[in-house]
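Residue numbers (the working numbering): 1 to 276.
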């Protein structure tokens, strides 16, 4: 892992090099979350070299300084930052003890987080040190084991995710030289903007009672993205927390196939498809 590469500009530049030297066709790029930001960066910095982009629930504008501090995602990056400043050796435990998510679990005034999430994890890790908890009796739809899985990281030896990458979103260094509004306005290829619906906890909006954005972007952000990209279309209302492609694969594929047909009418077979 090379932290010097942990910027949108560095990653985007490498991906452009790959497109120009290996693919050597105009690609259709599908990006999810920060991958959507990268897809936009590539299309904005090489307007004539990209056939189309699919921006799946990208955190556009909500990741900017002054705004990000009031988002669920940034509060998670803050936990990463604090962990890296201390002499803790178990990020999974540290995250479960400090993450904002416990506020959502405990809205009824009871400590549901400790009973359902934290204590079972502590018990598991005591018996299986150095591993990510996986409670066999929790059904997949409950999502608890997914919470544990998201804490896997390079520093603890439990996964490949480098916590130093997350810290670049905390201190905004990932965005060095990346003006989101300017980049989006330079995109000329067709774009499909996919956006999740508000969750049950915040509907009809995207913010909780503390004013924290519990989604990648709100409806105003999505509208702004669609407005800035001249040749774009918006598809929203997906009943997913963030991963449309995983939660609603059929709906996601339907969107891609329809987008592909529209591109085919415009470009014929002169494009390649890739994703990240």
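Backbone N, C-alpha and C fix where the C-beta goes; we use that ideal spot for every residue, glycine too.
- Around the Cβ of residue 146, a 10 Å sphere holds fewer than 16 other Cβ atoms; the residue is exposed.
- Using a Cβ distance threshold of 8 angstroms, residue 132 and residue 92 count as a contacting pair.
- Counting only residues of its own chain and dropping the five nearest sequence neighbours on each side, residue 157 has a CB closer than 8 angstroms to the CB of 130.
- Apart from the 5 residues on each side of it in sequence, residue 50 sits with its Cβ closer than 7 angstroms to the Cβ of 26, 27, 29, 42, 43 and 189 in its chain, given in chain order.
- Secondary structure note for residue 170: its alpha helix (DSSP H) is the uninterrupted segment 163 to 170.
- For residue 91, the enclosing alpha helix (DSSP H) has its first and last residue at 91 to 98.
- If only complete runs of 4 or more residues are kept, the stretch 117 to 199 shows the alpha helix (DSSP H) at 119 to 127, 144 to 149, 163 to 170 and 180 to 185, in order along the chain.
- Here residue 225 is buried, its C-beta having at least 16 other C-beta atoms within 10 Å.
- In the three-state reduction of the DSSP assignment, residue 8 falls in the helix class, which pools H, G and I.
- Counting only runs of 3+ residues, the beta strand (DSSP E) found wholly inside the stretch 4 to 90 occupies 26 to 32 and 52 to 56, in chain order.
- Counting along the chain, the unbroken beta strand (DSSP E) around residue 235 starts and ends at 232 to 238.
- Contact between the stretch 59 to 73 and the stretch 200 to 215 is present: three or more C-beta pairs spanning the two stretches fall below 8 angstroms.
- With 16 or more other Cβ atoms inside 10 Å of its own Cβ, residue 83 counts as buried.
- Spanning the alpha carbons of residue 258 and residue 112 requires a straight line of approximately 43 angstroms.
- Residue 159 is positioned such that its CB atom lies closer than 8 angstroms to that of residue 152.
- Residue environment for residue 174: buried (at least 16 other C-beta atoms within 10 angstroms of its C-beta).
- Of the candidates 19, 247 and 23, 247 places its Cα closest to the Cα of residue 32.
- Burial check for residue 253: the Cβ neighbour count within 10 Å stays below 16, so the residue is exposed.
- Sequence-distant Cβ neighbours of residue 88 in its own chain, meaning closer than 7 angstroms and more than five residues away, are 94.
- The C-beta distance from residue 121 to residue 148 rounds to 6 angstroms, short enough to fall under 8 angstroms.
- Taking the C-beta atoms as reference points, residue 229 is found no nearer than 8 angstroms to residue 238.
- In this structure, the straight-line span from the alpha carbon of residue 124 to that of residue 134 is close to 8 angstroms.
- Between the C-alpha atoms of residue 36 and residue 163 there is a straight-line separation of about 20 angstroms.
- Following the DSSP letters along the chain, one finds residue 244 inside the alpha helix (DSSP H) bounded by residues 244 to 247.
- At a Cβ-Cβ threshold of 8 angstroms, residue 61 and residue 217 count as neighbours.
- With contacts defined as CB atoms closer than 8 angstroms, residue 52 and residue 222 fail to qualify as a contacting pair.
- For residue 20, the number of other beta carbons within 10 angstroms of its own is below 16, and it is reported as exposed.
- Nearest C-alpha to residue 5 among 117, 68, 166 and 136: 166.
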